[in-house]
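In short: position in the sequence shown from 1, add 1110, done, that's our numbering.
C-beta atoms are modelled at their ideal positions from N, C-alpha and C, and glycine is treated no differently.
Treat the numbers as computed from the prediction; the structure is a model and nothing was measured.
Have a look at the structure below, then the notes.
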Amino acid sequence: MDGQKQSYYINIQSNEIFTGPYEGEWDYKIEATDSQVNFLERLFNRMDESDWESYFRSHIPYLEYHHQPKNREYDQRMLWIYSMLYDLGDEETRSHIRKMGILNVDSH
């Protein structure tokens, strides 16, 4: 069953993955295997951890954003997520991500 793809619906703000379009608000539709979705869930979980770490660090005024390794990790994970969504997404998803301009889609 792991190699078989099915449709999933992704809410990027809440880091939620739905199996049906009516389960909640979603931004992107993808076709993915179980293992691909599990990997995406792990990335989302790490994003949640990074969000909290960034929140606490943001209260220390002398720490600049771009010098913090955790912030670079957060940015890299976001790129991985969007890259994965682009690779697995339907045409509407890919078109939207291309318009965002955050990926070098020529390399995909």
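Residue i: first and last residue of the uninterrupted alpha helix (DSSP H) it sits in
i: GLU1202; result: 1201 to 1210
Closer than 8 angstroms to chain B by CB, residue i
i: GLU1183; result: Of the protein chains in this structure there is only one, and it is not chain B.
Limits of the unbroken beta strand (DSSP E) element including residue i
i: GLU1133; result: Segment: none, GLU1133 is in no beta strand (DSSP E) and carries neither H nor E.
i: GLN1116; result: 1116 to 1121
Nearest-angstrom beta carbon gap, residue j and residue i [assumed within contact, 8 angstroms]
i: ILE1212; j: LEU1195; result: Actually they are not in contact, since the Cβ atoms of ILE1212 and LEU1195 sit about 11 angstroms apart, beyond 8 angstroms.
i: GLN1146; j: LEU1198; result: 6 angstroms
i: GLY1134; j: ASN1121; result: 6 angstroms
Residue i burial status per 10 Å Cβ neighbour count (16 or more: buried)
i: VAL1215; result: exposed
i: TYR1138; result: buried
i: PHE1166; result: Any reading at PHE1166 must be qualified, since the residue scores a pLDDT of 48, below 50, and its modelled position is unreliable; the value itself is stated next. The residue in question, PHE1166, is exposed, as its Cβ has fewer than 16 Cβ neighbours within 10 Å.
i: THR1129; result: exposed
i: TYR1184; result: buried
Strand pairing of residue i, partner residues [DSSP]
i: PHE1128; result: TYR1119
i: ILE1140; result: TYR1118 and GLY1199
Member of the options whose CA lies at the smallest distance from the CA of residue i
i: TYR1118; options: GLY1134, ASP1137 and GLU1141; result: GLU1141
i: ARG1152; options: ILE1191, GLY1134 and ASP1185; result: ILE1191
i: ASN1148; options: GLU1135, ASN1125, LYS1209 and GLY1134; result: ASN1125
i: SER1102; options: LEU1150, ARG1182 and ASP1144; result: Look at the range of the chain in this structure, 1111 to 1218, and you will see that residue 1102 is not part of it.
i: GLN1186; options: THR1143, PRO1131, MET1157 and ILE1207; result: MET1157
i: GLN1123; options: SER1205, ARG1208 and TRP1136; result: TRP1136
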